[in-house]
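Since the structure comes first, as structure tokens, the remarks are kept for the end.
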């Protein structure tokens, strides 16, 4: 059992990968989380059908008015 320096969790040695032949001080889940936070996300592709469905859903009740509703007061 070894304690991770980042999350302070006590984990078996198999959770601490070897880097250049030496065991790391941070556990694999912490290293994966750190890597995911630093990697940029891939851009999303636009799906024309999804855009059309979103527009239809947003206009279901008609166009949006900029004035607040007074009928609920």
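In my numbering, the protein residues as written are 6 to 78. For every residue, glycine included, the Cβ atom is placed at its ideal position computed from N, Cα and C.
### Query
Roughly how far, in whole angstroms, is the beta-carbon of residue 7 from the beta-carbon of residue 21, given that I think they are within contact range, below 8 Å?
6 Å
### Query
CB residue 16 to CB residue 32, shorter than 7 Å?
yes
### Message
Spatial neighbours of residue 18 within its chain, please: C-beta separation below 8 Å, excluding the five flanking residues on both sides.
### Response
6, 7, 28
### Query
What residue range is occupied by the uninterrupted alpha helix (DSSP H) comprising residue 33?
33-43
### Query
Terminal residues of the continuous alpha helix (DSSP H) containing residue 17?
Careful: residue 17 lies outside any alpha helix (DSSP H) and carries neither H nor E.
### Query
Near residue 43, what residues of its chain come up, given a Cβ to Cβ distance below 6 Å and the 5 sequence neighbours on each side ignored?
none
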